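The sequence shown maps to residues 1285 to 1680 in the numbering used here.
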Amino acid sequence: MSASVKHKYRSETRLVQSGVLRSQFGETSEALFLTQGYVYESSAQAEARFKGEDDGYQYSRFANPTVTMFEQRIADFEGAEAARATATGMAAVTLAMMGQVRAGDHIVASKAIFGSCLYVMEDYLPRYGVSSTIIDGRNLDEWRAAFRPNTKTCFLETPTNPNLEVLDIAEICKIAHAAGATVVVDNVFSTPLWQSPLALGVDCVVYSTTKHIDGQGRCLGGVILGSQKFINDNVHTFIRQTGPSMSPFNAWVMLKALETLPVRVRRQTDTASAVAATLARHPRVSRLIYPGRPDHPQADIVARQMRGGSTLVAFEIDGGKQAAFRFQDALRLVRISNNLGDAKSLITHPATTTHYRLKAEQRAELGISDGMVRLSCGLEDPDDIIDDLVAALKAV
Ligand SMILES: Cc1ncc(COP(=O)(O)O)c(C=O)c1O
């Protein structure tokens, strides 16, 4: 076995070629190593491997060649020194936070994050003696005021879910680092193609690879990326000892999916941008948010921080929940789902699904109105998607 491509190629070439561990059979497409464990040439080799004196695999909860290929490939694309794959995106988020903190520590999190992430920050971490302050991440003064001497880390998502507002990663990093805290960014909504949080100063990036990285609705997965030191100190042993590891099969699916990620995300982004341009002029649409449009609330930050827009469009249908339901139910091609980042176009009514647990006033603070829907553009012909949306708007 030999690791293949070094960093001499451009980033999108690395998404196809990086990390290959080619077996003695010389396969073109990466092998799927469905094995729990490994055998040793001798007792001495087994001993050396456990002592860390001999490179190689021991047990697939710790590491597996197919999972390593996925980790290496995404690390090379993201510009991270190291990556560890996890069973789901939530495992990645939970581990990235829990791996860093001890009882008595404090964390800060932006409130416009995926519901389960908010649950981890607000409910789970405090159960283990880690207090948290939840703030409006758009307001830098709230970040400045939130850090304490015992603040270990902070967590944010940008663009936000579901409203696609954009937070200033570089400025938040300056504030957090001055306070001695690390920064963890959930980069799911922008994808690694359009935003590189590590280059903006972040210490750790997490993905639900369930979304655009698989991108075809097949497997769950997550990944944590950072410096070798960050991963060694906070993540590696935690995964090894507690076991939220990615399965080799899922890693193989994700590894192969990385090869087509830029082609898919570019096409989905172009479609979303065309949808946004059409719906922004539609009389039944009272508000529309799309990163990349000049009327986006943080257009200046988008221009500084992102290389592309989004595969998602958030918009509000005039007439509240009933109008939004009539619209969704009239769609024929776009399907109702809570998921996103799929080859199939999906629509979500956040107030009654992903964000239904929040109180009405919390939803109002986040700008999640009863008429709001979130569209995740797929790979269908863009004109068919637009025709479906426009026809459904007539039914409202
Ligand atoms: C922004 C974001 N982060 C994290 C997650 C959690 O990922 P998973 O479902 O793979 O656990 C999701 C979606 O579920 C998400 O949308």
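Built from N, CA and C at the ideal position, the CB exists for glycine as well.
Here the structure is a predicted model, which means the values were calculated and not measured.
Checklist entry - With respect to 7 Å, is the separation between the Cβ of V1377 and the closest non-hydrogen atom of ligand 1 below this value? => result yes
Checklist entry - Looking only at DSSP bridge pairs, what is P1575 linked to? => result R1577
Checklist entry - Just to check, is the beta-carbon of K1495 closer than 7 Å to a non-hydrogen atom of ligand 1? => result yes
Item to check | Y1491, enclosing beta strand (DSSP E) - first and last residue | outcome: For Y1491, the enclosing beta strand (DSSP E) covers residues 1488-1492.
Next on the checklist: Short of 6 Å in beta carbon distance, which residues of its chain neighbour T1466, apart from the five on each side in sequence? Order them along the chain.
Outcome noted: T1437, D1487
Checklist entry - Under three-state DSSP, which class holds Y1343? => result Note: Y1343 maps to strand in three-state DSSP.
Next on the checklist: Across the region 1336-1344 and the region 1316-1328, are there enough close Cβ pairs to call them in contact, namely three or more that are closer than 8 Å?
Outcome noted: yes
Checklist entry - At a cut of 8 Å, does the region 1488-1503 reach the region 1554-1562 through at least three beta carbon pairs? => result no
Checklist entry - Does DSSP put C1661 in a helix, a strand or coil? => result coil
Checklist entry - Quick check: the region 1633-1641 against the region 1581-1595, are there 3 or more CB pairs under 8 Å? => result No, the region 1633-1641 is not in contact with the region 1581-1595.
Checklist entry - Is DSSP giving V1537 helix, strand or coil here? => result helix
Next on the checklist: Taking 8 Å as the threshold (beta carbon to beta carbon), is F1346 in contact with chain D?
Outcome noted: Looking for chain D here will not work: only one protein chain is present.
Next on the checklist: Here's the rule: buried if 16 or more other CB atoms are within 10 angstroms of the residue's CB, otherwise exposed. What is V1586?
Outcome noted: buried
Item to check | Beta-carbon contacts of T1350 that lie in its chain and below 6 Å, excluding the five residues immediately before and after | outcome: Only L1316, F1317, P1532, A1535, W1536 meet the Cβ criterion.
Item to check | First and last residue of the uninterrupted beta strand (DSSP E) at E1441 | outcome: Secondary structure note for E1441: its beta strand (DSSP E) is the uninterrupted segment 1435-1441.
Item to check | Assigned secondary structure, R1502 (DSSP; H/G/I helix, E/B strand, else coil) | outcome: coil
Checklist entry - From the DSSP output, which residues share a beta bridge with G1510? => result A1366, C1488
Checklist entry - Hey, is E1649 close to ligand 1, as in C-beta under 7 Å from one of its heavy atoms? => result no
Next on the checklist: Given this structure, state the Cα-to-Cα distance separating R1550 from L1539, to the nearest angstrom.
Outcome noted: 18 Å
Checklist entry - Cβ of M1374 versus every heavy atom of ligand 1: is any distance shorter than 7 Å? => result yes
Checklist entry - So, are the CB atoms of A1598 and G1655 less than 8 Å apart? => result no
Checklist entry - What do you get for D1613, buried or exposed, if any count of 16 or more other CB atoms within 10 angstroms of its CB means buried? => result exposed
Next on the checklist: Using 8 Å as the threshold, is the C-beta distance between A1396 and T1475 below it?
Outcome noted: no
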